[in-house]
Amino acid sequence: MSSPTRSTTRRARSSRRVLFTSSWIEVCIIPVASAIMEALPITLALQALFHRSSVSAGDQQMLNAASVTFALLGLHWWMMWSRAKGILAGVVKMRTLLLQLLSFLLAFAFLLWTNPVFLVDVSGWTLILFLTGLLWGRSYFRMRARPDEETDQLLISLKIGFLVMLGVVVFALIEQSQGFPDLNQTLLADFPIFFLSALLALSFKRLSILKQEQSQKGRGSHSLETGRWLVILALVWVAVIIGSILLEALPPDVLSGAVNVLLGILFGILGLFASLLSLLPFPDASQLSSLHGQSRQDHQMPPQFQIKQPPHPTLFSLPISLLIFGGGVLLAVLILTVLLRKRAYLVEEGNEDEMREQLDKEKIRQERRIERKQSLKLEILDPSSARARYREFLTATATQGLPRRPEETPIEYQTRLLSLTQGESEVKEPQGPSDQEILATLTQAYTRERYGAKPLTPERRDYLRQWVPSLFRHFGRKSP
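So this is what it looks like as structure tokens:
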């Protein structure tokens, strides 16, 4: 008797744990990673556009990437809160407008406060105003996206950001003769952070979707597998955040020195690995080693004829290396995306789930968009049908402040209307039915015709044609 109760309790706890995991991923990790991914291309593009003018003016204006990231993150959290509270759903238009204006002004003030070098002239104010509008518009349109379109939003941001960063690299290659070491160092630091943030945002989004599907279906067999991925990605996410802070806080000299040290360690490890491979025992290893040592002694050149080592590459060759690095990182992102999708297919069980996963998502989204557009158009109905009468009744009550809520059934709406008008005097036609009876008859006829596909009988049609206008007159006098 107690075993079903224990299993139900375990499933409930597992479902709550999965929902909590999915919630903190959606609220914390994905917004932070996507904010870093979207802020870096914007900062690089503005830095490249205004670099020449700032250098010619003698005052080098550098946009703070951390402030852009925090502004974008704050706007995104505000939009999430607005959607959760239903503020932007058209309930109170004036309140919605004031809150939108307040969020825009707060973001504008924050960007000015964190970038004081742009306060000296009108062009700096214009740049900050344009940047604020760009960030606010991005957050607003992301908030209006459907939950099943959020992954597409992240992919679009990744594609646009990658194209913007490639454009900055091309600009650095064109202006290589003049030499922009600050821009090159920024590219060196921002390229890996951008791709890692994009990879983390997409990976966590996929894991969040899997967690939600597991909680809905009540399955926990694959929770350990997704849990390992979750822990690994969370550690990488923390490392990316710490790396972003360090790269933003460290001066350029320290940054270039740290990069050189890391490259030296990497090449040292590779050289050690190569030397270990050379010590592998072959059948004639001793003879080959002796011959190799003798040939080295015979062919050793005098000091004056030794070939000098080429100098280390300078920062001016960074754009070319960044192109190669960007291509390699993009290839790694594609490989990891394919692996994550294959893992997602393995998690799904059953023939129905496999068929659902193999459907073309783009076609499904196009069909949903077409259905949404068609749903906005009212269906042409017979004026004497119950659906047409009920539509006229809904229009009349909505104009008087008693609209039907989207989640209400016709019976629930009828009950709410009667409870709101219960204590008021009722206008009753002489020798006719009451308004409650007319409303109940109209609701029943609409339900049978709308959901049961049962047309009206001639007697019921005459009844509605005769008594529904009196119902309109009764509820037409009501106010909310």
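When we follow the numbering used here, the leftmost residue of the sequence shown carries the number 1, and every step to the right adds one. Ideal placement from N, C-alpha and C gives every residue a C-beta, glycine not left out.
Going by beta carbons, S139 and L98 fall outside the 7 Å limit. S419 carries a helical assignment under DSSP once its states are collapsed to helix, strand and coil.
A straight line joining the alpha-carbon of T447 with that of P410 spans about 7 Å.
In the same chain as W78, and ignoring 5 residues on each side of it, the C-beta atoms closer than 6 Å to its own belong to S103, in chain order. With 16 or more neighbouring CB atoms inside 10 Å of its own CB, W136 falls in the buried class. Taking the Cβ atoms as the reference, R389 lies roughly 5 Å from L464, within the contact range of under 8 Å. Taking C-beta separations shorter than 7 Å and ignoring five residues to either side along the sequence, the partners of I36 in its chain run T69, I193, S197, S244, following chain order.
In terms of Cβ geometry, S208 and E38 do not form a close pair [threshold 7 Å].
Per DSSP, the unbroken alpha helix (DSSP H) holding R448 starts and ends at 435 to 451.
Here the alpha carbons of D152 and E367 stand approximately 16 Å from one another. Straight across, the Cα-Cα distance linking P116 with A107 is about 14 Å. A distance below 7 Å between beta-carbons, with the five flanking residues on each side excluded, links L63 to the following residues of its chain, in chain order: T43, L46, Q47, N115. DSSP, reduced to helix, strand and coil, places D190 within a helical segment of the structure shown.
The beta carbons of R387 and R473 sit no closer together than 7 Å. DSSP, reduced to helix, strand and coil, places L63 outside both helices and strands of the structure shown, so it counts as coil.
DSSP, reduced to helix, strand and coil, places I380 outside both helices and strands of the structure shown, so it counts as coil. Comparing alpha-carbon positions, the option among T395, P383, G401, Q444 lying closest to E412 turns out to be Q444. With a threshold of 16 other beta carbon atoms within 10 Å, D435 meets it and is buried. Annotation: F118 is outside any alpha helix (DSSP H) and is labelled neither H nor E by DSSP. By a beta-carbon distance limit of 8 Å, T397 contacts P403. Their separation comes to about 7 Å. Counting other Cβ atoms within 10 Å of its Cβ, Q400 stays below 16 and is therefore classed as exposed.
G124 and F110 have their C-alpha atoms spaced approximately 14 Å apart. Less than 7 Å separates the beta-carbon of P41 from that of G161. In this model, I335 and K159 are separated by some 16 Å (Cα to Cα).
Contact between Q414 and A453 is absent: CB atoms are separated by about 21 Å, not below the 8 Å threshold. With fewer than 16 neighbouring CB atoms inside 10 Å of its own CB, A332 falls in the exposed class. Looking at the backbone, the Cα of I265 and that of L202 are separated by about 31 Å.
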